[in-house]
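Chemist: Per UniProt numbering: the sequence shown = residues 1 to 212.
Note that beta-carbon positions come from the ideal geometry of N, C-alpha and C, so glycine has one too.
Since the structure is predicted, the reported quantities are computational estimates derived from the model, not experimental observations.
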Amino acid sequence: MSEIRFYLNPRFILGWRWLVFGLALVPWALWVGQVMQGQAGPEPGRYLLLNLGHGALWCLLLTLSLTPLTRLTGWKGFRVIRRQLGLWSLAYALMHLLCYVLFILGLEWSQLGKELVERPYIIVGALALTGLVVLGITSNRWAMQRLGRRWKPLHKSVYVILMLVMLHFLWVVRADLSTWSAYALVAAGLMLLRWPPLARRLSRRPRRMASS
1 MSEIRFYLNP RFILGWRWLV FGLALVPWAL WVGQVMQGQA GPEPGRYLLL NLGHGALWCL
61 LLTLSLTPLT RLTGWKGFRV IRRQLGLWSL AYALMHLLCY VLFILGLEWS QLGKELVERP
121 YIIVGALALT GLVVLGITSN RWAMQRLGRR WKPLHKSVYV ILMLVMLHFL WVVRADLSTW
181 SAYALVAAGL MLLRWPPLAR RLSRRPRRMA SS
């Protein structure tokens with residue numbers, strides 16, 4: 001009972017969320033600071049574009065890691081920040097798109113349609129972003145009540161979105177697969193942890209630790 005009271009404590013929830021907010025903001029602040037100080041190389045716009053894409057993927061992978069962490073540790077405090085991290089992934093993805101339109105297309109939104117036709121990796125990225133927007137809009141109690149049983153299957157599509165993101169990333173950096181491979185390994189591990197037999201084994205672990 002003490003753990004439940006601690007988890008529901010409004011001060012804990014507020015402090016935990018503010019901590020995550022601050023940590024999620026740090027990379028963005030560092031990248032913008034480097035651009036403003038002329039430390040982002042010869043193409044600061046592209047530097048910011050690529051790093052914001054990395055930020056979106058980091059937040060998405062962290063979001064997907066929270067359920068296995070909850071099962072492994074039995075600590076429900078991770079649930080408090082799951083939605084928040086998911087929204088940060090969406091925020092970074094939207095900033096990634098904005099940088100693309102600003103620095104690559106020169107704010108010519110009309111060019112975006114042409115890019116979608118000519119560059120398949122942008123189509124894949126657009127599909128992933130659309131999926132994140134849908135999940136972001138429906139990540140609230142009102143949407144859960146309205147969608148009912150459909151809400152859970154909808155939000156499980158986050159793994160499809162992850163695969164689209166990885167494909168988009170692969171297309172962009174196909175000349176150097178070292179970074180992509182590291183992300184792919186983490187993504188594959190998180191998908192493996194969703195495998196029902198393994199997920200059940202993780203859920204049993206905290207009970208054994210508590211009883212020992």
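Tell me the rounded alpha-carbon separation between THR130 and MET36.
Modeler: Straight-line Cα distance between these residues: approximately 30 Å.
Chemist: Are three or more beta carbon pairs between the stretch 125-142 and the stretch 158-171 nearer than 8 Å?
Modeler: Touching, per the Cβ criterion.
Chemist: Using a Cβ-Cβ cutoff of less than 6 Å, which residues in the same chain neighbour LEU105 once the five nearest sequence positions on both sides are dropped?
Modeler: The residues are GLN111.
Chemist: Taking 8 Å as the threshold, find out whether the stretch 87-107 comes into contact with the stretch 42-55 through three or more Cβ pairs.
Modeler: With a cut-off of 8 Å, the stretch 42-55 and the stretch 87-107 count as touching, because enough Cβ pairs lie within range.
Chemist: Leaving out the 5 sequence neighbours to the left and right, which residues in its chain are closer than 8 Å to GLY41 when beta-carbon positions are compared?
Modeler: Excluding residues within five positions, the ones whose Cβ falls inside 8 Å are TYR47.
Chemist: Would a C-beta distance cut-off of 8 Å place TRP88 and ALA24 closer than the cut-off?
Modeler: The answer is yes: Cβ separation under 8 Å.
Chemist: Which residue comes first and which comes last in the alpha helix (DSSP H) that contains GLN37?
Modeler: Note, GLN37: premise wrong, no alpha helix (DSSP H); not H, not E.
Chemist: Please state whether DSSP places TRP142 in a helix, a strand or coil.
Modeler: Residue state, collapsed to three classes: helix.
Chemist: Flag this pair as yes or no: are the beta carbons of TRP28 and GLY55 separated by less than 8 Å?
Modeler: Contact: yes.
Chemist: Assuming the contact rule is C-beta atoms closer than 8 Å, GLY77 and TRP16 should be a hit. Round their C-beta distance to whole Å, please.
Modeler: Indeed, because the Cβ distance is near 6 Å, the residues count as touching under 8 Å.
Chemist: Work out the CA separation of VAL80 and GLY189 for me, nearest whole Å.
Modeler: GLY189 and VAL80: Cα-Cα distance of roughly 23 Å.
Chemist: Identify the continuous alpha helix (DSSP H) that holds TRP88 and give its terminal residues.
Modeler: Element bounds for TRP88: 82-99.
Chemist: Looking at TRP180: is its Cβ nearer than 8 Å to the Cβ of PRO120?
Modeler: Contact flag unset, no.
Chemist: Quick one: give me the first and last residue of the alpha helix (DSSP H) that LYS156 is part of.
Modeler: It spans 151-156 - the alpha helix (DSSP H) in which LYS156 sits, taken as one unbroken run.
Chemist: Tell me whether the beta-carbon of LEU49 lies closer than 8 Å to the beta-carbon of TYR92.
Modeler: No, Cβ-Cβ distance for LEU49 and TYR92 is not below 8 Å.
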